[in-house]
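Remarks on the structure that follows.
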Amino acid sequence: MDHNHEELVHRLEEKASFVKEGSLEIVSKSIPFMEDKEGLDPRVKQFLEQESDPGLRRPMTYDDLEIIRSRKEQQSQDLSSNIRMETKLVSLEGRDLELKVYNRSKSTRPMLVYFHGGGFFERDERVMDNICKLLAEKAEAVVVAVEYRLAPEHKYAEGLNDCFDSVRYVCDNRDEFGADTGSVGLVGDSVGANLALGVYHLSREKSWDICYMSLLSPLLDLSDVSGGVRKMEQYNPGKDRELVRQELVTMRESLSFIQSLYVTDLEELDQPLVSPLRSKENITYPPMTLVATEFDFLRTQGEEFTRKLQEKGELVRYIEYKGMAHTFLKKLGYYPQAADAIRETAAHFREVLQKNTQSN
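Anchor point for the sequence shown: position 92 equals 92 in UniProt numbering, and the numbering is continuous, going up by one each time.
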């Protein structure tokens with residue numbers, strides 16, 4: 001029996017299971033209506049099979065940049081309704097940046113700031129818009145997306161500084177964005193999660209009241225270009241072993257490419273603002289959602305990061321989607337897991353706000 005997208009998303013919500021692996025507490029979400037299946041979600045498998053030609057999976061080079069940037073995700077859909085989108089040009093420390101604002105109404109609402117993925121070097125406006133629109137609807141919030149400057153034209157830490165200064169601007173000018181005077185949450189996808197952590201790290205002396213973070217398939221250690229493949233035994237690919245191996249190898253090679261674009265000196269890879277998993281500081285984070293996918297090269301980084309925080313007693317809701325690969329959010333509307341991850345982020349944000357209101 002075929003199931004529509006709404007039924008698949010609902011199944012993910014109702015069939016979550018709670019698993020403990022050592023000290024790591026996991027909210028595990030199996031493939032909807034195929035909960036006993038090992039290996040790839042059929043939708044992911046179909047996509048990876050189309051991309052399995054070695055010519056499509058060769059290591060990326062500088063010559064590929066414009067081609068990569070020009071490609072747009074065709075399977076990303078707008079699942080929201082009646083969300084207004086506005087672009088604001090703001091001046092930040094001698095440079096102009098665009099911020100995109102997503103909101104359903106003109107009444108003031110809580111605020112989430114979103115940092116997009118794309119390896120620090122690309123931005124897919126359609127993907128970003130569709131994610132932020134649904135997030136604004138589900139969280140009943142104003143969502144502000146930062147169009148930070150991209151590598152390699154702008155190396156570390158220019159993009160991070162754009163994100164930091166943008167958060168400072170929106171917190172200082174909440175009325176301009178239709179945001180209330182309460183707390184703010186940070187949301188990041190892939191390298192955007194890396195930037196969100198960097199912003200939080202830099203903002204600890206500020207009075208911005210960052211109350212919540214959501215890290216979606218986060219890049220937490222840019223220096224690690226071997227771990228995901230080296231630990232192949234940690235994956236359970238079933239009959240899809242070769243496709244999974246190819247995906248992990250491709251991700252590893254992508255990280256090497258990102259290194260060459262993002263940092264000026266390889267020694268910067270060990271800095272906590274580039275590889276937060278390597279930080280030696282005892283940082284206390286706000287309540288957090290961390291979303292991982294079973295066949296993501298970066299999954300083991302997310303597990304290690306979450307385990308460290310959970311062992312300290314910090315509130316981290318760690319969600320793992322079985323059968324999924326790294327770029328699942330790009331296919332919002334096609335992969336039901338993408339919509340569910342946004343729903344989970346929105347729900348946890350609202351829960352944190354409610355608890356904060358009750359405690360005040």
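C-beta: ideal position from N, C-alpha, C; glycine also.
Supposed close pair residue i, residue j - CB separation, criterion 8 Å
{"i": "Leu99", "j": "Lys88", "result": "5 Å"}
{"i": "Lys322", "j": "Ile31", "result": "6 Å"}
{"i": "residue 383", "j": "Ala346", "result": "Here the chain has residues from 1 to 360 only, and residue 383 is not among them."}
{"i": "Leu97", "j": "Asp189", "result": "In fact, because the Cβ distance is near 19 Å, the residues do not count as touching under 8 Å."}
{"i": "Gly198", "j": "Leu160", "result": "5 Å"}
{"i": "Val184", "j": "Ser214", "result": "Their Cβ separation, rounded to whole angstroms, is 12 Å, which puts Val184 and Ser214 out of contact at 8 Å."}
{"i": "Leu79", "j": "Phe349", "result": "Not confirmed; about 18 Å, so no contact."}
{"i": "Val101", "j": "Glu122", "result": "That pair is no contact at about 22 Å."}
{"i": "Ala179", "j": "Arg245", "result": "Rounded, the Cβ-Cβ distance is 45 Å, inconsistent with contact."}
{"i": "Gly118", "j": "Val167", "result": "Not really, about 19 Å apart at Cβ, beyond 8 Å."}
Residues near residue i in its chain [Cβ-Cβ closer than 6 Å; skip 5 each side]
{"i": "Val225", "result": "Arg252, Leu255 and Ser256"}
{"i": "Leu95", "result": "According to the sequence provided, residue 95 is Arg. The question's Leu does not apply to it. Once the five neighbours on either side are set aside, Arg95 has no close Cβ partner at all."}
{"i": "Leu315", "result": "Pro287"}
{"i": "Tyr114", "result": "Cys132, Val143, Ala145 and Val187"}
{"i": "Gln337", "result": "Tyr321, Met324 and Phe328"}
{"i": "Pro59", "result": "Glu253"}
{"i": "Ser279", "result": "Pro272"}
Chain-order list of residues whose beta-carbon lies under 7 Å from that of residue i (same chain, five-residue window excluded)
{"i": "Met1", "result": "Any answer about Met1 is weak, because its pLDDT of 49 lies below 50 and its placement is not dependable; what the coordinates show is given next. Contacts found: none."}
{"i": "Glu158", "result": "Arg149"}
{"i": "Asn82", "result": "Arg104"}
{"i": "Phe297", "result": "Gly228, Leu248, Met251, Arg252 and His326"}
{"i": "Glu93", "result": "Asp165"}
{"i": "Leu65", "result": "Phe121"}
Heavy atom of the ligand ADP within 6 Å of residue i beta-carbon
{"i": "Glu233", "result": "As for the ligand ADP, it is missing from this structure, which has no ligand bound."}
Neighbourhood of residue i by C-beta, 8 Å cutoff - its chain only, sequence neighbours within 5 removed
{"i": "Leu24", "result": "Glu303, Thr306, Arg307, Gln310 and Tyr318"}
{"i": "Thr264", "result": "Lys155 and Tyr156"}
{"i": "Leu222", "result": "Asn194, Leu255, Ile258, Gln259, Tyr262, Val263, Leu269, Val274 and Ser275"}
{"i": "Glu13", "result": "Asp340 and Arg343"}
{"i": "Ile26", "result": "Phe18, Val19, Lys20, Tyr318, Ile319 and Glu320"}
Residues bridged to residue i [DSSP beta-bridge criterion]
{"i": "Asp96", "result": "Ser91"}
{"i": "Gly188", "result": "Phe115 and Leu215"}
{"i": "Ser17", "result": "Ser28"}
{"i": "Tyr169", "result": "Per DSSP, none; premise fails for Tyr169."}
{"i": "Asn194", "result": "Paired residues: none, contrary to the question."}
{"i": "residue 373", "result": "A query on residue 373 cannot be resolved here, the shown segment of the chain reaching from 1 to 360 and no further."}
{"i": "Asn103", "result": "Arg84"}
{"i": "Ala136", "result": "Partner(s): none; Ala136 has no beta bridge."}
{"i": "Ala145", "result": "Lys100 and Tyr114"}
{"i": "Ile258", "result": "Partner(s): none; Ile258 has no beta bridge."}
{"i": "Ile210", "result": "Val184"}
Residue-level contact to chain D via CB, residue i, 7 Å cutoff
{"i": "Arg149", "result": "Of the chains in the structure shown, none is chain D; there is only one protein chain."}
> On the three-pair Cβ rule with 8 Å, is the stretch 136-148 touching the stretch 159-175?
Replying inline: Yes: at least three Cβ pairs fall under 8 Å.
> Can you give, in chain order, each stretch of the alpha helix (DSSP H) that sits fully within the stretch 32-86 and has at least 4 residues?
Replying inline: For the stretch 32-86, whole alpha helix (DSSP H) runs of length 4 or above, ordered along the chain, are 42-50 and 65-70.
> Hey, is the stretch 322-336 in contact with the stretch 262-281, meaning 3+ C-beta pairs nearer than 8 Å?
Replying inline: Because the criterion of three Cβ pairs below 8 Å is not met, the stretch 322-336 and the stretch 262-281 do not touch.
>> Taking 8 Å as the cut-off, does the stretch 284-298 touch the stretch 3-19 (at least 3 CB pairs, one atom from each stretch)?
In response: Using a Cβ-Cβ distance cut-off of 8 Å, the stretch 3-19 and the stretch 284-298 are not in contact, since fewer than three pairs of beta carbons, one from each stretch, lie closer than that value.
> In chain order, which continuous runs of the beta strand (DSSP E) of length 3 or greater are located wholly inside the stretch 282-345?
Replying inline: The qualifying runs are 288-293 and 316-321.
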